[in-house]
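A.B. asks: Structure below; questions to follow.
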Amino acid sequence: MRTAGSARRTAAVAVAGLVLLAGCGGGAGDGRDGGGKDDGAAKGERPGGPARGGSSTTYLRHIPEVGPALRSRIPAASRQVVAVYGAGVNSADATVVLYDKGAKGWDRKGSWDAHNGRRGWTVNHHEGDKRSPVGVFTLTDAGGVLPDPGAKLPYTHSSAFTPPSYWAKSTRHDFDHVVAINYNRVKGTSPLDPTRPQGQSKGGGVWLHLDHGSGTSACVSVSKSGMRALLRALDPARHPVVVMGDKAHLAA
């Protein structure tokens, strides 16, 4: 049962979001060319096992390859983790894995090839650096150009998510579905809300969104089927978070 949705999203916020889209994850103009070519999707066996999509019933004690530094930042109440395993500090390739915690431990529910910032990762993200921020961030709000596919998170359905016409054709569907990553934003608001509590220079508009085949300005991108699966799975009652970074920073 939805308790919040499109009805609570105002036209004013949608219009403000047009400004935000000009710099998803960075400054004005970021993403307009979809980034340079990268080395392709992450290769090899995925963290937590090789299977894709469905549950492998792994019942892990901890999220694989996430060391004590970031593990300690996962809230005790969190029962869902989206882990983003970056291939390298300067790589745009990544793998996204959804974990769900039950009585027996963490169970891997799905895995998808992904991309992150086209220049890789950073622990000190700033506007325009084309790198994704390393860290643990809550996930509370979603939206997109397309109608709600059955999300449990509050979902803003608005044409204001449409990328500007001067962006590359390959990016036209990037924001068909998005989940806001709560980096330098006000949680509990539409992803279109342009407010940046830490200031403009720290960047913002960092989202999970649809993949266009190469690196992003700072966001994390997965396939349409992956995004729809995540939207249907992420449950505010389970306090979902994203744990994201290159493998070296994740393991610290």
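Throughout the sequence shown, residue numbering follows mature numbering (1 follows the signal peptide of the UniProt record, and there is no 0), covering -28 to -1, 1 to 224 in sequence. Every residue, glycine too, gets a C-beta built ideally from N, C-alpha and C.
1) Express the C-alpha separation of Tyr155 and Gly171 in angstroms, rounding to a whole number.
2) Is it the case that the Cβ atoms of Ala223 and Glu99 are separated by a distance below 8 Å?
3) Under the DSSP definition of a beta bridge, which residues are partnered with Gly60?
4) Would a C-beta distance cut-off of 8 Å place Asp218 and Gly60 closer than the cut-off?
5) With a threshold of 16 other CB atoms inside 10 Å of the CB of Ser44, please say whether the residue is buried or exposed.
6) Pull up the DSSP beta-bridge partners for Ser104, would you.
7) By the 10 Å Cβ neighbour count, where 16 or more other Cβ atoms means buried, how is Pro40 classified, buried or exposed?
8) Using only alpha-carbon positions, find the residue among Tyr57, Thr161, Trp84 that is nearest to Leu202.
9) Rounded to whole angstroms, how far is the Cβ of Leu206 from the Cβ of Leu118, which I believe are closer than 8 Å?
10) Can you tell me which of Val214, Cys191, Val215 puts its alpha carbon nearest to the alpha carbon of Gly92?
11) For Ser186, tell me which candidate among Lys73, Gly89, Lys81, Val214 has the shortest Cα-Cα distance.
C.D. replies: Taking the coordinates as given:
1) Taking the Cα positions, Gly171 is about 11 Å away from Tyr155.
2) The beta carbons of Ala223 and Glu99 sit no closer together than 8 Å.
3) Partner residues in a beta bridge of Gly60, as assigned by DSSP, do not exist.
4) In contact: Asp218 and Gly60 (Cβ atoms closer than 8 Å).
5) When all chains shown are included, Ser44 counts as exposed.
6) The beta-bridge partner set that DSSP reports for Ser104 consists of Trp93.
7) When all chains shown are included, Pro40 counts as exposed.
8) Among Tyr57, Thr161, Trp84, the Cα nearest to that of Leu202 belongs to Trp84.
9) Contact flag wrong, Cβ pair sits at about 17 Å.
10) It is Cys191.
11) The alpha carbon of Ser186 has as its nearest neighbour, out of Lys73, Gly89, Lys81, Val214, the alpha carbon of Gly89.
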